[in-house]
Structure formats: structure tokens, C-alpha cells
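For reference, the structure discussed in these notes is given below.
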Amino acid sequence: MSGDLRAAFITLALSLPAIVLCLSVHEAAHGAAAYLLGDRTAHDSGRLTLSPLAHIDPVGFICLLLFGFGWARPVPVNISNFKNRRTGMALTALAGPVSNFITAFIAYCLYFLVWVYGDSVFMQVLGQFLAIVASMSVGLGVFNLIPVHPLDGSRVLDAYLPFSWSLRLQRYQPVIILLFIFALWRGWLDSLMVYASNTILGWAAQLMSMIL
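Here the sequence shown is numbered in the working numbering, starting from 39 and rising by one per residue.
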């Protein structure tokens, strides 16, 4: 029992900085994408940073810790500053999930390095931390691609749907959210996240097998 408690405590202690890292990368990527596309709103609001103080939302932080998916404070974006508003908004929204998938890929690659070359207790703990970062990054990326307001997936969808369709979807948001909750209850998102995680893990394994 003491061993189980110790393992749980270590996992919790490693999960907290992992969550902070995943959320900060996600939101900073939104701001960086908007900045590169011509919108300085996030930059001028101090959101173009990896500092967690600028990004963390307490409820989203707790959800990511407990359930493996969550959110942070939305990055302010002024779409009127984009040359192409639809494309600019879609790319800005996609930047967050994509940054999480890239983070997961890098974390898995480093995990394989630790697994091959690390035999100390510190390296074992580092490997566990990297695995948690990868898992939470995938969860955050997949969760935010769901087309439910105000998640990133809905912003991507809105960017290319006819305006009348977007209004209709917003009208049915309560129904969509209920379906989303049902999907969570049935574990359908768990399967999707496992598939995404295994796919990224496979890519990292292939790359590292060529290097090591």
C-alpha cells in the first residue's frame, strides 16, 4: 500500500508541471500563429509567452489533471488583422492542437533516449515525466479539435462553413454538448486519444530506431 501511495504521489508531482507545460505551449502557439499572420493582439496582451501565469485557467487545469483533457485561458485574436480572415482564424486555431502533437512527438523521442541510455533513478523519473507530457499533450490536442464551442475545432469548422450553417450550429450547441458528454461517458474519446497517442508513439519509435 505504501508503494502504491508513493507511486501515486510521484505521478501527481510529475503531472502538475506536465500540465503547465502542455497548456502553456498550446496557448503560446495560438498567439505565435496569430502574430505571424499579422495580428498583434496576443503579443500586446502578454500572451506570446510560455509563462503559465499568462495562460492557466484553474478549471481547465484541474480537468486536465483529473481526466486527461482540459483548456487554458483563450488567447485574444482580432480576425480583422488577418489578410484572409477565414484562413487566418483556422490556422490560428489549429496551431494549438498541432503544437501539442509536436510536443508529444518530441517527448516520446526523448523518452526512448532515456529508456536506452538511462539506468539511474533520476533518469527513470525523467522518463516517467516525458511519458506524462506526451500523454497529456495528445489528450489536450485531441480534445481541442472537437467541433464544440469554444474549442479550437469549432473555430476551424466555423472558418469554412457558410455563415448560415455556423448560426445553425450555434443554435444547436446545447444538443451538441450533450452528445459530447455522452461520448465522454461511453469512452469514445478515450479510444480516439489512445489511437492518436499510439500513432505518434509509433512515429517517434520509427525515427529513434533509425537514429539509435
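Beta carbons: idealized from backbone N, C-alpha and C, even for Gly.
For Ser158, the secondary structure class from DSSP, reduced to helix, strand or coil, is coil. Segment contact: the segment 169-182 against the segment 230-238, three or more CB-CB distances shorter than 8 Å; contact assigned. When the Cα atoms are used, Pro188 and Arg78 turn out to be separated by approximately 21 Å. Boundaries of the alpha helix (DSSP H) harbouring Phe220: 211-224, taken from the DSSP string. Rounded to whole angstroms, the separation of the alpha carbons of Leu59 and Ala133 is 16 Å. Judged by beta-carbon spacing, Gly98 lies beyond the 8 Å limit of Ala92, meaning their Cβ atoms are not closer than that value. With contacts defined by Cβ atoms closer than 8 Å, Ile238 and Tyr155 do not form a contacting pair. Taking all protein chains shown into account, Asp190 has 16 or more neighbouring C-beta atoms within 10 Å of its C-beta and is therefore buried.
By the Cβ-count criterion, Met127 is buried, with 16 or more other Cβ atoms from all chains shown falling within 10 Å of its own Cβ. Taken through DSSP and simplified to helix, strand or coil, Leu75 comes out as coil.
Within its own chain, the residues whose Cβ lies closer than 8 Å to the Cβ of Leu245, once the five positions on either side in sequence are excluded, are Cys147, listed in chain order.
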